[in-house]
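Engineer: Got a structure for you, written out below as structure tokens; questions coming shortly.
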Amino acid sequence: MLDGVTLATSATPLTLGKHQVWPPVVLAPMAGITNVAFRRLCREQGGGVYVCEMITTRALVERIPKTLKMIRFAPDEGFRSLQLYGVDPDVTAAAARMIAEEDLADHIDLNFGCPVPKVTRRGGGSALPWRRKLFGRIVRQAVQAAAPAGIPVTVKMRKGIDDDHLTYVEAGLIAQEAGVAAVALHARTAEQRYSGTADWDAIATLKQALDVPVLGNGDIWEAADAMRMVAHTGVDGVVVGRGCLGRPWLFKDLHAAYDGVRSQELPSLGEVAAIMSRHAHLLVEALEDERHGCADFRKHIAWYLKGFPVGGDLRRSLSMVASLAQLDDLLGKLDADAPFPRESLGQPRGRINAPGKVSLPYGWLDSRDDDTVPEGAEMDNSGG
Ligand SMILES: Cc1cc2nc3c(=O)[nH]c(=O)nc-3n(C[C@H](O)[C@H](O)[C@H](O)COP(=O)(O)O)c2cc1C
């Protein structure tokens, strides 16, 4: 798949504050996915930034036990990357200060991309950058609170609310002015949710507009797509979400491509089964509960098996797995020699939902410079 693709041989490490990251590849924060177990599987494949699940600022400052569990990093996680979701500049600053003072992470990413109606309806997530003063205050206060510990802050955002209400260039400039270390753009509007294709031209536009590093996000299914995005946009790094679902080895391909090597992992079904078993064991260890860990692993099964010849009964049994012994027994029934299904390469995976009108608070679009903190937009649960 990398044949004929220009490799990003002139790429440089991603500089985030005092840290240099090679290759400039980011595992996108994904609620319910990028926990300590999945991050470990991905980290073992290659270098990069591996962002934890989204953490709600209020839940963090209130020290909700579930949230404190979610921000645990493995002892060997050299660059601890934590994503915060907040709508209140003071609460976001308090969360960033807590992270700095208690040495909870090495990097803070601020989430302004969430398109979920229950969030945008209250003015949070991808609705928030429209209120540019409030957006600027949140980012500035987070940067200032994290600065004493030398913790770089980045923002992750979408193009805007919809095609008539684009915010990304202005928001990128505001974030840069506020002192962020980099800006990541998921090149879809909130209205698009996960439908259609990401607009890589918008990523190129943002790259042209900013001096700080710009990270491109959207529709990287293979290392070849990452290289194409870099060639098309000139971005300083790539952020990979759904492409690695059921395929943690994608980070090996990405690392190789950035190193100038055209190689692609194509594990057999037996090799995939071994990774699946390890993933489930790591989840059980992280969640400290076998039933809970196995239940959480179920969502990954279809992604791992996509395109492989696996009978309906076996798939159904796997999707209801309740213990590690049962999982390993069922995985043993797979045809270990089945080769990787090449036809599934480059195909979208994970969420691909239809576009939907963005719910917003009354009058939201009429007053861009109102910086009142939206009420009730702070999610009380970390992890989305
Ligand atoms: C299951 C899932 C959970 C997500 N959770 C978050 C999140 O917590 N924070 C965030 O900024 N983006 C979240 N996203 C968006 C991704 O980080 C990423 O921006 C998006 O999937 C587009 O990249 P992709 O085309 O590589 O998947 C999530 C996406 C998925 C599929």
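My numbering applies: residue 2 is where the sequence shown begins, and numbers increase by one. For every residue, glycine included, the Cβ atom is placed at its ideal position computed from N, Cα and C.
Figure out for me which residue from D91, W131, A176 has the closest Cα to the Cα of D164.
Structural biologist: Taking the first residue of the sequence shown as position 1, residue 164 is located at position 163. Of the listed residues, the one whose Cα sits closest to D164 is W131.
Engineer: Are there three or more Cβ pairs, one per stretch, closer than 8 Å when the region 158-178 is compared with the region 207-215?
Structural biologist: Yes: at least three Cβ pairs fall under 8 Å.
Engineer: By Cβ distance below 6 Å, which residues in the same chain neighbour E272 in space, the five residues on each side in sequence not counted?
Structural biologist: The residue labelled residue 272 in the question sits at position 271 within the sequence shown. Correct list: empty, nothing qualifies.
Engineer: Report whether the distance from the Cβ of R98 to the nearest heavy atom of ligand 1 is below 7 Å.
Structural biologist: Walking along the sequence shown from the start, residue 98 turns up at place 97. Because no heavy atom of ligand 1 lies under 7 Å away, the Cβ of R98 does not count as near it: no.
Engineer: In whole angstroms, what separates the C-alpha of P375 from that of I162?
Structural biologist: Here residue 375 refers to the residue found at position 374 when the sequence shown is read from its first residue. Here residue 162 refers to the residue found at position 161 when the sequence shown is read from its first residue. P375 and I162: Cα-Cα distance of roughly 16 Å.
Engineer: Give every residue of the same chain whose Cβ lies closer than 8 Å to the Cβ of D226, excluding the five residues on either side of it in the sequence, and list them in chain order.
Structural biologist: Position 225 of the sequence shown, counted from the first residue, corresponds to residue 226. So the qualifying residues of the chain are D220, G244, G347.
Engineer: D4 to A337, Cα distance in whole Å?
Structural biologist: The residue given as residue 4 occupies position 3 in the sequence shown. The residue given as residue 337 occupies position 336 in the sequence shown. If you take the alpha carbons of D4 and A337, they lie about 28 Å apart.
Engineer: Do G244 and ligand 1 come close, with the Cβ less than 7 Å from some heavy atom?
Structural biologist: On the sequence shown, residue 244 is found 243 positions in, with the first residue counted as 1. True, at least one ligand heavy atom lies under 7 Å from that Cβ.
Engineer: Going by the C-beta, is R229 closer than 7 Å to any heavy atom of ligand 1?
Structural biologist: Reading the sequence shown from its first residue, position 228 is the one you call residue 229. Not under cutoff, so the answer is no.
Engineer: Could you tell me whether any non-hydrogen atom of ligand 1 is closer than 7 Å to the CB of R1?
Structural biologist: Since the first residue shown for the chain is 2 and the last is 385, residue 1 is missing from the structure and cannot be characterised.
Engineer: Run through DSSP, which three-state label would I302 get?
Structural biologist: Mapped onto the sequence shown, residue 302 falls at position 301. In this structure, I302 counts as helix in the three-state DSSP scheme.
Engineer: Return helix, strand or coil for S82, following the three-state DSSP convention.
Structural biologist: If you number the sequence shown from 1, residue 82 lands on position 81. The answer is strand: DSSP assigns S82 an E or B state.
Engineer: Helix, strand or coil, according to DSSP, for Q21 in the structure here?
Structural biologist: Locating residue 21 in the sequence shown gives position 20, where the first residue counts as 1. Strand, per DSSP.
Engineer: If we ignore side chains and look at the alpha-carbon of each, how far apart do M71 and E54 end up?
Structural biologist: Taking the first residue of the sequence shown as 1, we reach residue 71 at position 70. Taking the first residue of the sequence shown as 1, we reach residue 54 at position 53. Roughly 7 Å separates the two Cα atoms.
Engineer: Is the region 71-89 touching the region 36-50 in the sense that three or more CB pairs, one from each, lie closer than 8 Å?
Structural biologist: At 8 Å Cβ cutoff, the stretches touch.
Engineer: For ligand 1, is there any heavy atom lying closer than 7 Å to the beta carbon of M55?
Structural biologist: Taking the first residue of the sequence shown as position 1, residue 55 is located at position 54. Yes; taking the cut-off as 7 Å, the Cβ of M55 has a heavy atom of ligand 1 nearer than that.
Engineer: Could you tell me whether the Cβ atoms of R189 and K160 are closer together than 8 Å?
Structural biologist: Numbered from 1 along the sequence shown, position 188 holds the residue referred to as residue 189. Numbered from 1 along the sequence shown, position 159 holds the residue referred to as residue 160. Yes, they are a contact pair.
Engineer: If we ignore side chains and look at the alpha-carbon of each, how far apart do T7 and A258 end up?
Structural biologist: Counting from one through the sequence shown, the residue named residue 7 turns up at place 6. Counting from one through the sequence shown, the residue named residue 258 turns up at place 257. When rounded, the distance between both Cα atoms is 10 Å.
Engineer: What span of residues does the alpha helix (DSSP H) with D330 cover, start to end?
Structural biologist: Sequence index remark: in the sequence shown, residue 330 carries index 329 (1-based). 325-332 is the extent of the alpha helix (DSSP H) around D330.
Engineer: Looking at C-alpha atoms only, which residue of K208, A199, A232, H233 is the closest neighbour of N218?
Structural biologist: Along the sequence shown, read from residue 1 onward, the residue named residue 218 stands at position 217. Here the closest residue by C-alpha is A199.
Engineer: Less than 8 Å between the C-beta atoms of G247 and H282, yes or no?
Structural biologist: As a working note, residue 247 is residue 246 in the sequence shown. As a working note, residue 282 is residue 281 in the sequence shown. It is not a contact, given that the beta carbons lie outside the stated cut-off.
Engineer: Would you identify the three-state DSSP class for M277, choosing helix, strand or coil?
Structural biologist: Within the sequence shown, the letter at position 276 stands for residue 277. M277: helix per DSSP, three-state reduction.
Engineer: Under the rule that 16 or more other beta-carbon atoms within 10 Å means buried, what is H256, buried or exposed?
Structural biologist: In the sequence shown, residue 256 corresponds to position 255, counting from 1. Answer is buried; the Cβ neighbour count reaches 16.
Engineer: Would you grab the beta carbon distance between D254 and E223 for me? Rounded to a whole angstrom, and I think it's under 8 Å.
Structural biologist: Residue 254 sits at position 253 when you count from the first residue of the sequence shown. Residue 223 sits at position 222 when you count from the first residue of the sequence shown. That belief holds up - the Cβ atoms of D254 and E223 are roughly 7 Å apart, short of 8 Å.
Engineer: What three-state label does DSSP hand G385 in the structure shown?
Structural biologist: Translated into positions along the sequence shown, residue 385 becomes position 384. Note that G385 has pLDDT 43, beneath the 50 cutoff, so the model's placement of it is unreliable and no number is given.
Engineer: Pick out whichever of W250, S278, M277, A275 has its Cα sitting closest to the Cα of Q265.
Structural biologist: Mapped onto the sequence shown, residue 265 falls at position 264. Out of W250, S278, M277, A275, W250 has the C-alpha closest to the C-alpha of Q265.
Engineer: Between which two residues does the alpha helix (DSSP H) holding L174 run?
Structural biologist: Locating residue 174 in the sequence shown gives position 173, where the first residue counts as 1. Its alpha helix (DSSP H) spans residues 169-179.
Engineer: What I want to know is whether the C-beta of D220 ends up closer than 7 Å to one or more non-hydrogen atoms of ligand 1.
Structural biologist: On the sequence shown, position 219 is the one that residue 220 refers to. Within the cutoff, so yes.
Engineer: Would the beta-carbon of N112 be found less than 7 Å away from any heavy atom of ligand 1?
Structural biologist: Here residue 112 is taken as the residue at index 111 of the sequence shown, counted from 1. N112: yes, Cβ under 7 Å from ligand 1.
Engineer: Among the candidates V181, L366, A128, whose CA atom is the shortest distance from the CA of G151?
Structural biologist: Sequence index remark: in the sequence shown, residue 151 carries index 150 (1-based). Comparing Cα-Cα distances from G151 to each of V181, L366, A128, the minimum goes to V181.
Engineer: Three or more C-beta pairs closer than 8 Å, one from the region 85-104 and one from the region 136-151: is that the case here?
Structural biologist: Result yes; three or more Cβ-Cβ pairs closer than 8 Å.
Engineer: Using only the alpha-carbon positions, how far apart do T93 and T155 sit?
Structural biologist: Against the sequence shown, residue 93 aligns to sequence position 92. Against the sequence shown, residue 155 aligns to sequence position 154. The straight-line gap from Cα to Cα measures roughly 13 Å.
Engineer: With a CB to CB cut of under 7 Å and the five nearest residues on each side skipped, what residues in its chain are close to G261?
Structural biologist: Along the sequence shown, one-based indexing puts residue 261 at 260. Excluding positions up to five away in sequence, the list reads L8, T10.
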